[in-house]
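Protein chains: 2
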Amino acid sequence: MKKLINSVDDFVKESLEGMQKAHGDLLDVNYDPFVVFRTDAPVQGKVGVISGGGSGHEPMHGGFVGKGMLDAACPGEVFTSPTPDQMEWATRKVDGGAGVLHIVKNYSGDIMNFEMAADLGKDAGIEVESVVVDDDVAVKDSLYTQGRRGVGGTVLMEKIVGAKAEEGADLASVAGLARDVNANVRSMGLALTSCTVPAAGSPTFELGDDEVEIGIGIHGEPGRERIKMEGADQLTDRLTRPVIEDLGLNSGDQVLVFVNSMGGTPLAELYVIYRRVVQLLDEGGVQVARHLVGPLITSLEMQGASVTILRLDDEKTRLWDAPVHTPALRWGV
Amino acid sequence: MKKLINSVDDFVKESLEGMQKAHGDLLDVNYDPFVVFRTDAPVQGKVGVISGGGSGHEPMHGGFVGKGMLDAACPGEVFTSPTPDQMEWATRKVDGGAGVLHIVKNYSGDIMNFEMAADLGKDAGIEVESVVVDDDVAVKDSLYTQGRRGVGGTVLMEKIVGAKAEEGADLASVAGLARDVNANVRSMGLALTSCTVPAAGSPTFELGDDEVEIGIGIHGEPGRERIKMEGADQLTDRLTRPVIEDLGLNSGDQVLVFVNSMGGTPLAELYVIYRRVVQLLDEGGVQVARHLVGPLITSLEMQGASVTILRLDDEKTRLWDAPVHTPALRWGV
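The listed protein sequences derive, respectively, from chains A and B. If you count the first sequence from 1, position 152 lands on 151 in numbering that gives the first Met the number 0, and the numbers rise without skipping. If you count the second sequence from 1, position 206 lands on 205 in numbering that gives the first Met the number 0, and the numbers rise without skipping.
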């Protein structure tokens with residue numbers, strides 16, 4: 000295992016130290032327990048929006064902390080759910096009197112630990128709502144998950160819902176919008192290589208030199224099928240068609256297309272994929288109104304990509320366009 | 000070779016098609032010859048700033064085309080210099096009557112072809128200045144290069160010089176600033192893995208499971224030494240100390256620190272490195288006033304990182320902060 004780390008045990012802490020040094024104007028870090036939070040938290044009268052999950056998916060979630068997106072993020076060890084005390088600490092930290100929304104990706108550990116934290120928050124008199132993201136159309140009931148997994152749609156939800164909270168909407172509206180985003184977003188990914196979790200020291204899975212895992216999860220969970228390598232267009236179709244179908248897209252719909260790198264795939268290849276996704280949508284009369292291309296929800300150094308499509312309406316488009324200032328996403332400011 | 004491409008021959012073209020589809024609000028693409036250019040080019044009365052080089056380093060340079068940075072970028076085939084007709088086309092396209100600056104990384108092919116393009120531009124009555132970037136302290140006279148190689152400093156130069164041109168400065172001032180940036184920026188990188196150039200089909204070099212190449216070039220050119228794997232702090236010191244020394248940094252200096260991924264290194268590891276660079280500078284009383292952390296000048300899927308330090312003054316800081324709107328860098332707008 001070759002990684003730019005000092006030790007397995009210090010990796011997450013030292014990475015957070017680097018984030019804090021780099022982005023101290025936007026965020027601060029609590030080290031016991033690990034929480035990344037907006038420097039101006041709590042914002043009085045604003046719904047606090049928090050998320051969290053295993054580390055190794057950076058920039059998600061810590062890179063989305065800042066004005067117009069998350070108030071706090073709770074990073075677990077690599078590919079390991081954060082503990083309830085992290086989410087409890089974050090919930091208390093960001094509560095500005097208007098309640099707190101928990102955005103939870105659908106992994107059993109995350110669900111359980113966020114639930115405990117929500118209960119602890121409620122015990123402390125804080126209004127807490129939880130929304131589960133489960134946008135991965137690849138498989139149901141896979142490793143770590145009952146039902147569908149939460150993947151790329153999380154990024155889009157955090158941006159859109161964060162903007163809604165920033166506008167001053169109440170907790171019910173913010174949570175309602177989050178559920179609406181989840182109902183209108185679908186994703187699917189593939190892997191060309193595995194990644195290596197530092198604590199494990201060897202690749203999570205083995206993939207032949209000519210093989211691709213279609214429907215991979217962000218922790219290397221098995222997908223739908225393992226096939227022989229194909230061209231980018233064929234592979235893109237294998238991701239995009241199930242997404243389009245599951246979303247029930249129709250001619251005239253407006254969408255946001257998000258092409259994501261699993262970490263080790265070059266940007267130039269993402270654009271090849273993006274080009275093909277747009278071609279497919281064009282064929283069906285679907286208009287690509289917004290886009291996002293880059294490594295936003297990753298699996299360490301895994302080579303691969305995922306395609307996420309979100310059906311837009313006027314409100315979601317407006318909130319997507321709203322100013323955001325985080326380490327990973329920034330515009331309008 | 001597993002890559003998300005359709006064919007070796009179509010890779011650059013299809014990647015550009017994706018960029019154009021994604022960022023059509025900012026840039027347009029000419030396909031014969033390949034040039035990425037601002038949709039509003041030429042901007043009358045503004046110095047045009049162009050750059051170019053082999054593909055495979057994305058987002059550099061095409062991802063830096065837009066308001067406040069480059070007017071055009073000329074992508075060659077992967078790791079191959081663009082041809083003079085590309086730079087000539089770009090020069091003509093972006094000339095708004097105030098002349099054109101060529102930002103050229105120090106590789107023999109780039110130097111030669113930009114020179115020919117400059118001559119062709121001058122023959123057409125366009126004022127052209129050329130500035131060479133040679134910020135890599137690792138080695139002199141390596142593969143493809145006489146003198147030092149141009150690496151991460153290029154990104155910073157393009158931002159700062161682009162802002163100066165956007166303000167309406169004349170060609171001599173813009174070129175003078177570019178040379179000033181080059182005199183105040185140094186870089187060094189390392190690789191944990193090779194990358195595979197699509198047309199070659201196999202890794203550019205071999206590196207043992209426990210080896211690191213210190214001083215790697217962005218095309219996989221050999222560096223200073225090949226050593227056994229070490230911790231991130233030790234490796235970071237090996238990159239940063241030569242940069243600090245070569246730059247002659249003194250206590251009280253203000254700098255911009257840029258920690259870059261060669262493509263396949265996770266963001267979380269970049270922050271571990273950034274943290275250590277800041278520690279080293281702190282020890283010497285050097286103030287880190289600005290930062291950039293991410294994959295900005297890459298070598299396809301290569302795992303590794305580079306450290307670039309730019310000595311700032313008031314003007315460079317102001318121009319760094321100036322609004323920029325490109326696919327890869329965006330703030331203030």
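Positions of the beta carbon are idealized from the N, C-alpha and C atoms, including for glycine.
Environment of residue i [buried if 16+ CB atoms lie within 10 Å]
i	result
lysine 227 of chain B	exposed
arginine 148 of chain B	buried
aspartate 135 of chain B	buried
glutamine 302 of chain B	buried
threonine 90 of chain A	buried
methionine 187 of chain A	buried
glutamine 82 of chain B	It is threonine, not glutamine, that sits at residue 82 of chain B in the sequence shown. Classification of threonine 82 of chain B: buried, given that the 10 Å Cβ count is 16 or more.
aspartate 109 of chain A	buried
serine 14 of chain A	buried
Own chain residues within Cβ distance below 6 angstroms of residue i, not counting five before or after
i	result
glutamate 224 of chain B	Ile213
threonine 153 of chain A	Lys104 and Val132
phenylalanine 338 of chain B	This structure cannot speak to residue 338 of chain B, because chain B is shown only from 0 to 332.
leucine 291 of chain B	Phe257
glycine 222 of chain A	Ala137, Glu212, Ile213, Gly214 and Ile215
glutamate 229 of chain A	none
tyrosine 106 of chain B	Tyr143 and Thr144
arginine 289 of chain B	Leu255 and Trp319
aspartate 315 of chain A	Rather than aspartate, the amino acid found at residue 315 of chain A in this sequence is lysine. Cβ within range, chain order: Ile159.
Residue-chain proximity (residue i, chain E), Cβ-Cβ < 8 angstroms
i	result
tryptophan 319 of chain B	No chain E appears in the structure shown, which is made up of the protein chains A and B.
Residues near residue i by beta carbon distance below 7 angstroms, same chain, minus five either side
i	result
glutamine 85 of chain B	Pro32, Phe33, Val34, Gly51 and Cys73
threonine 297 of chain A	His56, Glu57, Ser260, Met261 and Gly262
alanine 97 of chain B	Gly44, Lys45, Val46, Asp169 and Leu170
glutamate 87 of chain A	Ala116, Leu119 and Gly120
alanine 123 of chain A	Arg91
glycine 95 of chain A	Pro41, Val42, Gln43, Gly44, Lys45 and Gly47
histidine 22 of chain B	Pro326
serine 141 of chain A	Arg148, Gly216, Glu220 and Pro221
aspartate 245 of chain B	Val136 and Arg185
Residue of the options minimising C-alpha distance to residue i
i	options	result
leucine 25 of chain B	B:Gly67, B:Ser6 and B:Arg274	B:Gly67
isoleucine 102 of chain A	A:Ala267, A:Val180, A:Val138 and A:Gly96	A:Val180
tyrosine 391 of chain B	B:Gly283, B:Gly284 and B:Phe257	Nothing can be reported for residue 391 of chain B: it is not among the residues displayed for chain B, which extend from 0 to 332.
isoleucine 217 of chain B	B:Tyr143, B:Thr90 and B:Gly98	B:Tyr143
lysine 92 of chain B	B:Met111, B:Leu176 and B:Val28	B:Val28
valine 287 of chain B	B:Leu69, B:Val323, B:Asn249 and B:Pro221	B:Asn249
serine 129 of chain A	A:Ala116, A:Leu100, A:Tyr106 and A:Val150	A:Leu100
aspartate 169 of chain B	B:Leu246, B:Val127, B:Ile308 and B:Arg310	B:Val127
threonine 79 of chain B	B:Lys121, B:Gly44, B:Gly62 and B:Val196	B:Val196
leucine 266 of chain B	A:Ser6, A:Lys1 and A:Ser54	A:Ser54
leucine 269 of chain B	A:Gln19, A:Ile308 and A:Met0	A:Gln19
glycine 17 of chain A	A:Gly62, A:Lys2 and A:Val42	A:Gly62
isoleucine 4 of chain B	B:Val332, B:Leu299, B:Leu309 and B:Arg317	B:Leu299
isoleucine 308 of chain A	A:Pro322, A:Gly151 and A:Gly167	A:Gly151
alanine 190 of chain B	B:Asp209, B:Thr316, B:Ala199 and B:Ser172	B:Asp209
aspartate 39 of chain B	B:Leu69, B:Val271, B:Tyr30 and B:Met59	B:Leu69
valine 173 of chain B	B:Ser6, B:Ile49 and B:Leu280	B:Ile49
aspartate 8 of chain B	A:Val271, A:Leu246 and A:His60	A:Val271
Presumed contact (8 angstroms Cβ cut-off) between residue i and residue j, rounded CB distance
i	j	result
threonine 239 of chain B	alanine 304 of chain B	The pair is not a contact, with the Cβ atoms about 11 angstroms apart (cut-off 8 angstroms).
arginine 185 of chain B	aspartate 232 of chain B	Arginine 185 of chain B to aspartate 232 of chain B, Cβ: 20 angstroms. No contact.
threonine 325 of chain B	glycine 65 of chain B	4 angstroms
tryptophan 319 of chain A	lysine 139 of chain A	At roughly 29 angstroms, the Cβ-Cβ gap does not stay under 8 angstroms, so tryptophan 319 of chain A and lysine 139 of chain A are not in contact.
alanine 164 of chain A	lysine 45 of chain A	6 angstroms
leucine 255 of chain B	leucine 311 of chain B	6 angstroms
arginine 329 of chain B	arginine 329 of chain A	6 angstroms
phenylalanine 334 of chain B	alanine 71 of chain B	This structure does not reach residue 334 of chain B, given that chain B is present from 0 up to 332, and the question cannot be answered.
Cβ shell of residue i (< 8 angstroms), same chain only, five flanking positions each side left out
i	result
methionine 156 of chain B	Ile102, Val130, Val132, Ala177, Val180, Asn181 and Val184
glycine 207 of chain A	none
serine 201 of chain B	Met0 and Thr195
valine 285 of chain A	Ile243, Leu248, Asn249, Ser250, Gly251, Asp252, Gln253 and Val254
valine 77 of chain B	Phe10, Val11, Gly53, Ser54, Gly55, Val196, Pro197, Ala198 and Leu299
alanine 321 of chain A	Gly67, Ala162, Glu165, Glu166 and Gly331
glycine 146 of chain B	Asn105, Asp133, Lys139 and Asp140
Practice prompt. Could you list the residues in the stretch 169-193 of chain B with a C-beta less than 9 angstroms from some C-beta on chain A, going in chain order?
Written response: Taking 9 angstroms as the Cβ-Cβ cut-off against chain A, the residues of the stretch 169-193 of chain B that qualify are Leu189, Leu191 and Thr192.
Item to complete: Please name the residues in the stretch 298-312 of chain A whose beta-carbon is closer than 7 angstroms to at least one beta-carbon of chain B, in chain order.
Response: Of all residues in the stretch 298-312 of chain A, only Leu299, Glu300, Gln302 and Ala304 place a beta-carbon less than 7 angstroms from a beta-carbon of chain B.
Worksheet item: What residues in the stretch 4-16 of chain B bring their beta carbon closer than 9 angstroms to a beta carbon of chain A?
Response: Taken in chain order, the members of the stretch 4-16 of chain B whose beta-carbon sits within less than 9 angstroms of a beta-carbon on chain A are Ile4, Asn5, Ser6, Asp9, Phe10, Val11, Glu13, Ser14, Leu15 and Glu16.
Worksheet item: At a Cβ cut of 9 angstroms, what residues of the stretch 210-234 of chain B count as close to chain A, listed as they run along the chain?
Response: Taken in chain order, the members of the stretch 210-234 of chain B whose beta-carbon sits within less than 9 angstroms of a beta-carbon on chain A are Glu210, Val211, Met228, Gly230, Ala231, Asp232, Gln233 and Leu234.
Worksheet item: Listed from N- to C-terminal order along the chain, which residues in the stretch 77-107 of chain A have their beta-carbon within a distance smaller than 9 angstroms of any beta-carbon of chain B?
Response: Close to chain B, meaning a Cβ-Cβ distance shorter than 9 angstroms, are the following residues of the stretch 77-107 of chain A: Val77.
Discussion item. Can you pull out the residues from the stretch 21-35 of chain B whose beta carbon lies closer than 7 angstroms to at least one beta carbon of chain A?
Written reply: Residues are counted here when their Cβ sits less than 7 angstroms from a Cβ of chain A; for the stretch 21-35 of chain B these are Ala21, given in chain order.
Worksheet item: Closer than 7 angstroms, Cβ to any Cβ of chain A: which residues of the stretch 254-267 of chain B, in chain order?
Response: Residues Gly262, Gly263, Thr264, Pro265, Leu266 and Ala267.
Discussion item. Please identify, using Cβ separations under 7 angstroms, the residues of the stretch 266-289 of chain B that lie next to chain A, in order along the chain.
Written reply: Contact annotation: in the stretch 266-289 of chain B, residues whose CB is within less than 7 angstroms of a CB in chain A are Leu266, Ala267, Glu268, Tyr270, Val271, Ile272, Tyr273, Arg274 and Val277.
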